[in-house]
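Protein chains: 2
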Amino acid sequence: MIKLKMPLLAPEVDAAALKAVQPAVRRVVDQLYKGRCPGSDMLGWRDLPLKEDSAELRQIQKLARKIRQKADLFIVVGIGGSYLGARAAIEGLSPALPGNRSGPEILFLGNHLDADYAAELLRYIKGKKYYVNVISKSGTTTEPGIAFRLLLDHLRRTLPAKKVKERVIATTSPVKGALLAMAEEFGFHKFIIPEDVGGRFSVLTPVGLLPMAVAGIDIGKMLKGAAGMARHCSENRTLGKNDALKYAAARHLLYLAGKPIEILGVWNPALLYLAEWWKQLFGESEGKDKKGIFPASVGLTTDLHSLGQYIQDGRRDLFETFLVIDKNRRKVAIPELEGDPDQLGFLAGQQLAFANQQAWRGTMLAHRAGGTPNMTLHIGKRDAFHFGELFYFFEFAVAVSGLLLGVNPFDQPGVEAYKKNMFALLGEPGREEERRALEEQLLKIDDSE
Amino acid sequence: MIKLKMPLLAPEVDAAALKAVQPAVRRVVDQLYKGRCPGSDMLGWRDLPLKEDSAELRQIQKLARKIRQKADLFIVVGIGGSYLGARAAIEGLSPALPGNRSGPEILFLGNHLDADYAAELLRYIKGKKYYVNVISKSGTTTEPGIAFRLLLDHLRRTLPAKKVKERVIATTSPVKGALLAMAEEFGFHKFIIPEDVGGRFSVLTPVGLLPMAVAGIDIGKMLKGAAGMARHCSENRTLGKNDALKYAAARHLLYLAGKPIEILGVWNPALLYLAEWWKQLFGESEGKDKKGIFPASVGLTTDLHSLGQYIQDGRRDLFETFLVIDKNRRKVAIPELEGDPDQLGFLAGQQLAFANQQAWRGTMLAHRAGGTPNMTLHIGKRDAFHFGELFYFFEFAVAVSGLLLGVNPFDQPGVEAYKKNMFALLGEPGREEERRALEEQLLKIDDSE
C-alpha cells in the first residue's frame, strides 16, 4: 500500500500539531461516512470501488478489446474530469514513446477551442479507422460539444449511417441530458456516469476506465487497488492508521501555518499528467470562498533546474509533496567513459534509478534546510493497482481536507462565470442585453494604450 | 509587434501607480544598459540578437539541413535552459501531432534521471540513424552527463569510431570545461554558448537554434523578430513606449499589492512548453532572497475546468497574464447538427477561433470580476518571427522586474543545494563525511511512522 513519510514537515507540522487537529479530522470523517457534510449528494465516489459492477466492467473490457483489434485511432472527447483522469492513467502507465505503444493511437479533443489543433486532427484522421468516445454528463458543454460536432460530421461524410453509430461511444448521465438523448436516438454504444459522482471524482467510472482499457491498462487491477484503499480508509478513521487522513491534516495545518502553495513534485516524467489530474482535484475542490491551497506541480529532476531555485530560496510560503515510485520497471546502468572527462566516473556501473533516488533524498533535505517543508508519498510500483490506490487516496484526502477548510469540496460554482460571459459573447439567443454590456466593457480594453 | 493590454489590472495597477514607479524603472533600465547592475557579467543576452553572427547562423542551418535529410532521430541532451527553450519553440511552432511533422523525430534526454524513460529510448533508437546534440556549458552536469554517457556508449557499440564523431554535436563553452575538451579530443561538431549568457537566457544562441533548425523552424526569422524587439527596448526606455517595461512594472506593482502568484494562461495547447520556459526564466531569475513572484501556468480553455475554479473564487493572491495568438493558422467551421440536441446550434457556421476568442474575452472579465487582475499579451501569429519577439520580450522584462525587486536576476545560487547533497549521497570521492551526516538524517525519515 502507498505510504506517506512526513518528518520533514516539522517544525510546521509535528506530532503535537497532528494530535491537536485529530478531533476536527474525526468530526469531518464522521460527516463524510454518515453523508452529513456539504455536498452530501455527491458522495458516490466514496464507495464506488467497493460496489464494482462486474457486468459493466466486462462490457468495458469487451468493447476495449474489439477497439484494440479494429481501430487505428481512439479519440477521447471530454474536458476537466472527463479528460484528465484517463489521460493521467494512460500517460502514467503506457510506454512513454508513442512508437513503443500497442493498440490504437489515443488522441484527445474537446478539451480546448484551438482551431489549429482541431484542423490538424481532422486532417490526421483522414483514411484512418477511428472510434470516438464522447464524455459529458450533460452533452451541452461547449468544448466537447463542438469537438463532437466536428467528428460526427466527419464520420457522416465518410461512412454510411449504420457504420457511424458503431464508431461512437457515449459516456454520459443515466437519466437525462443531450448526450443521453443523442445516444438513444442514434444508437451509440453507451456507458453511464453515476449522478452522484462529480467530474473530478469520476476517473474510476467508465469516464476513465474505457479509455484506459483501450490503452491496454488492466482496469480490473486498478479497481482492486482502489477498493483496497477505500476499505482501508473506511476501516481506519484515525490519523495514526490512515495516511490519506495524515496527508489531509498535514496540508491543512501547513495552510494555517502560512503555506498556501503546495507543489506536487513527481520524479518520473510519466507522472506529469497525474499532476494535472491532481491539480484539478485539489484546486477545484478547495479553491473557493476566497480560500484554498494553490496547487502547482513540478517534474523532477527537470525543474530543479527551473523552479528549483524558487523552491530553495524564494518566498517561504510553499510546501512540497513528492511522489516517488520505489521500484522502476527497467534497469539502466551508467556506463564507463575512459579518462572520466565529465567527472561522473564514480557513478559508472551504478543504476540510473539509484541516481534518481539520491537526487530525491538530497532534494528533500536541501529544500527543508532552505525552509520548504516537504513530505513524500511512496508508490510501490508504476502499475494499474498502485494507480488505483493513488486515485482513491487523493479523492479521500481532498474530501477531508476541503471539509477541514470549511468549504464544500464537491461543487465548482466558479466554473460558471466564464461560461456565462462566453455564451453571451458568442451570441446565444436571449442574451443580447448581456452581450451588449460585455462588449461595452471590452471596447475600453481594445481602445486602451 | 507583440502588444500588452492591461486595463483589467486596475484598481491594483492604474495609471497613477505606473507613473509612481517610472523613476525606479528608469533607474534599473539605465543600470541594465550601462552594465552597472547585479550580475552585470551575464548581460550577453541583451545585445545578442543585434550582433547576429551570420557565419554561425549559416553553419547551423547547413548542419540542420544535413541532419534533416539523413537522420531518423535527433536527440537533444540538456536540462534547464539547455532544454526548455528549444522544446518551447519546437512544440510551439511544429505541427501538434508527431505524425504531421517533417524531418527527423526529435527526442529529449538528460533532463531527468528516470530509468524507465531512458531504457525505452535506448530500445527505441535501435536500428535508427540518430544524431545527438549534447548541450552543457560545463559538461559535468549530472543529468545530461549521464544521458550522454548512455548515448555515446550506444553509438560506440553500434558504429565505427569515425562514424561516431559525425553523430555528435556538442554545444558548449568556448573556453573551458569537460564537454569542450571531449569535443576537441573526439572531433565532435561544436557550437559555442557565449560565456556571458546564462542558461535560461540562451534560447537564441546555438543552444536553442540548432534543435529548432533541425525541426524546420526558420531561425533567421526568429532572430529578426528578436532583433526588432531588442532595438525597440533599447530605443524606448520609458513605460509609455515599451510594453516589456510595462509588463515588468505591472507585475512588480502587483507583487507589492499582495499578489505573489502569477499565472501564465496560454490559449493554444502548442504554447504549453513556452509556459514551462517562462516559468524557468521568471522563477529562477526572481525566486531568491526569500522574495519573488511564484510563476504558475494554465492551458486554456482546458484548465477553466480545473484551476479555473480557484482562479475565480480561491485566495485572492493571484494575477494572470494571458498569451493570445491573434491569428490562427487554420480555419475550422463549427458544423450544423440537425435538431440541435446539444443546444450549440447558434454557433453553427462560426469559426472555432471565434469561439476561442470569446472564451478568452469572457474569461478576462469573469476573472477580473472575481478579483483576479489580468492582462493580455497579444502575439500576432504563431510563427518564428513572433516567437523571437516574445523570447526577447520576456528576457528583457525579467531583467527589469528582477532588478526592481532588488535581486540579481542572472544568478541561481539555490540550484546548488540539491546537487551538493546528491553528489555526497551518490558517493562522490572526498565527500564521505558529508554522506554519513546526510544518511544519518535520512535514516530518521526511513524509520518514521
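First to last, the protein sequences are chains A and B.
The first sequence: position 59 = 59 (the numbering used here), numbered continuously.
The second sequence: position 306 = 1306 (the numbering used here), numbered continuously.
Note that the Cβ used here is the ideal one computed from N, Cα and C, for glycine as well.
A quick note: this is a predicted structure, and the numbers were derived from the prediction, not measured.
Asked: Which same chain residues end up closer than 8 Å to I169 of chain A when comparing Cβ atoms and leaving out the 5 residues on each side of it in sequence?; Found: L63, Y131, V132, N133, V134, F188, H189, K190, F191, L210
Asked: Quick check on the burial criterion: 16 or more other C-beta atoms within 10 angstroms. Buried or exposed for G1308 of chain B?; Found: buried
Asked: Just to confirm my understanding: we take F396 of chain A, look at its own chain, exclude 5 residues before and 5 after, and list those with CB closer than 6 Å. What are they?; Found: C233, A244
Asked: May I ask you to verify whether the segment 410-427 of chain A touches the segment 226-240 of chain A, counting CB pairs closer than 8 Å and requiring at least 3?; Found: no
Asked: Compute the beta-carbon to beta-carbon distance between P1409 of chain B and E1262 of chain B, rounded to the nearest angstrom, for a pair I have assumed lies under 8 Å.; Found: Not a contact, Cβ separation roughly 15 Å.
Asked: If we count the other Cβ atoms within 10 Å of its Cβ and call it buried at 16 or more, is L1443 of chain B buried or exposed?; Found: exposed
Asked: By Cβ distance, which residues of its chain are closer than 8 Å to L1113 of chain B, with the 5 residues on each side in sequence left out?; Found: T1142, E1143, I1146
Asked: Pop quiz: F1385 of chain B and K1221 of chain B are said to be a contact at Cβ under 8 Å. What is the actual Cβ separation, rounded to whole angstroms?; Found: 5 Å
Asked: Just the Cα atoms here: how many angstroms apart are G345 of chain A and V203 of chain A?; Found: 45 Å
Asked: Are at least three pairs of beta-carbons, each pair with one atom in the segment 51-59 of chain A and one in the segment 110-126 of chain A, less than 8 Å apart?; Found: no
Asked: With DSSP collapsed to three states, give me the class of P1295 of chain B.; Found: strand
Asked: Output needed in chain order: residues of the segment 67-80 of chain A with a Cβ under 8 Å from some Cβ in chain B.; Found: I79, G80
Asked: Identify which residue in B:L1223, B:L1347, B:R1156, B:A1181 has its Cα closest to the Cα of E1052 of chain B.; Found: B:L1223
Asked: Between A1366 of chain B and the rest of its own chain, which residues show a CB-CB distance below 7 Å, the 5 nearest in sequence each way excluded?; Found: Q1312
Asked: Anything in the segment 1098-1129 of chain B with a Cβ closer than 9 Å to a Cβ of chain A? List those residues in chain order, please.; Found: P1098, G1099, N1100, E1105, L1107, N1111, H1112, L1113, D1114, A1115, D1116, Y1117, A1118, A1119, E1120, L1121, L1122, R1123, Y1124
Asked: Could you have a look at F322 of chain A and say whether DSSP puts it in helix, strand or coil?; Found: strand
Asked: Strictly under 7 Å for the Cβ-Cβ distance: is L442 of chain A near chain B by that measure?; Found: yes
Asked: Please list the partners that H305 of chain A has in chain B, where partner means a Cβ-to-Cβ separation under 7 Å.; Found: I1079, G1080, V1415
Asked: Please determine if the segment 1070-1081 of chain B and the segment 1093-1101 of chain B are in contact, where contact requires at least 3 C-beta pairs separated by less than 8 Å.; Found: no
Asked: Is the segment 1294-1309 of chain B close to the segment 1247-1262 of chain B, with three or more CB pairs under 8 Å?; Found: yes
Asked: In the structure shown, what three-state DSSP assignment does A250 of chain A receive?; Found: helix
Asked: May I ask you to report which of helix, strand or coil DSSP gives F188 of chain A?; Found: coil
Asked: In the DSSP output, what is I75 of chain A paired with across the bridge?; Found: A:L107, A:V132
Asked: With DSSP collapsed to three states, give me the class of V1013 of chain B.; Found: coil
Asked: On the three-pair Cβ rule with 8 Å, is the segment 1318-1331 of chain B touching the segment 1365-1384 of chain B?; Found: yes
Asked: If you count every other CB in all the chains shown that lies within 10 Å of the CB of V175 of chain A, and 16 or more means buried, which is it?; Found: exposed
Asked: So is S1094 of chain B in contact with chain A if we call contact Cβ pairs under 7 Å?; Found: no
Asked: Just confirm the distance between the C-beta atoms of G1044 of chain B and D1196 of chain B, as a whole number of angstroms; I'd bet it's less than 8 Å.; Found: 3 Å
Asked: Over what stretch of residues does the beta strand (DSSP E) that includes L1344 of chain B continue unbroken?; Found: Element bounds for L1344 of chain B: n/a, residue is neither H nor E.
Asked: Please check if any C-beta of chain B sits within less than 7 Å of the C-beta of T321 of chain A.; Found: no
Asked: In chain order, what residues of the same chain lie with their CB nearer than 7 Å to the CB of L352 of chain A, ignoring the 5 residues before and after it?; Found: V332, I334
Asked: For K1005 of chain B, would you say it is in contact with chain A, using Cβ-to-Cβ distances shorter than 7 Å as the test?; Found: yes
Asked: How many angstroms separate the CA atom of D447 of chain A from the CA atom of K1005 of chain B?; Found: 9 Å
Asked: Suppose you measure from the CA of V450 of chain A to the CA of K34 of chain A; what does that come to, to the nearest Å?; Found: Residue 450 of chain A is absent from the model: chain A starts at 1 and stops at 449.
Asked: Write down the C-beta distance between S1306 of chain B and G80 of chain A rounded to the nearest angstrom, noting that I regard them as a contact closer than 8 Å.; Found: 6 Å
Asked: Taking Cβ-Cβ distances shorter than 9 Å, what residues in chain B pair up with S202 of chain A?; Found: Those do not exist, as S202 of chain A stays about 12 Å from chain B at its closest Cβ, beyond 9 Å.
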